[in-house]
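Comments concern the structure below.
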Amino acid sequence: MTPEVVAHIEEKLREEFSPEQISCTIWGNVCVRVSHERIYQHIWRDKKHGGDLYRMLRIAGGKKRRKRCGKKDWRGKIPNRVDIGQRPEIVKRR
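Residue numbers (numbering that gives the first Met the number 0): 0 to 93.
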């Protein structure tokens with residue numbers, strides 16, 4: 000990531016290009032291959048140091064991810080379900 004590449008990336012972000020678009024077009028302009036993931040890493044590092052490049056993204060701030068640790072998983076649970084041992088006798092005869 001030379002200063003020329005960084006300047007090109009930041010310029011394209013200000014022109015509302017996505018990191019995927021920048022990674023595809025940077026080869027023709029600067030003759031360097033940079034993945035979109037590396038561009039995202041640059042954006043998040045800039046944010047960590049007080050920059051505002053992340054605001055140039057189409058969806059500012061990135062994806063919102065659900066925190067999964069420390070909570071019970073309630074997916075697939077049937078509310079007010081009756082245990083199989085508590086069913087009436089007529090159900091056994093069917």
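We put the CB at the ideal spot given by N, CA and C, even for glycine. Since the structure is predicted, the reported quantities are computational estimates derived from the model, not experimental observations.
For residue 91, the enclosing alpha helix (DSSP H) stretches over residues 88-91.
One Cα belongs to residue 48, the other to residue 75, and the distance between them is close to 42 Å.
Counting only runs of at least 4 residues, the region 25-62 fully encloses the following alpha helix (DSSP H) elements, listed from N- to C-terminal order: 35-47.
The beta carbon of residue 11 lies closer than 7 Å to those of 21 in the same chain, with the five residues before and after it left out. DSSP, read as helix, strand or coil, puts residue 76 in coil. Assignment of residue 14 by DSSP, reduced to helix, strand and coil, places it in the coil class.
By the CB criterion at 8 Å, residue 31 and residue 5 fall outside the cutoff.
Residue 93 has its alpha-carbon roughly 11 Å from the corresponding atom of residue 87. Per DSSP, reduced to three states, the secondary structure at residue 81 is coil, with no helix or strand assignment. Here residue 9 really is in contact with residue 52; their C-beta atoms are around 6 Å apart, less than 8 Å.
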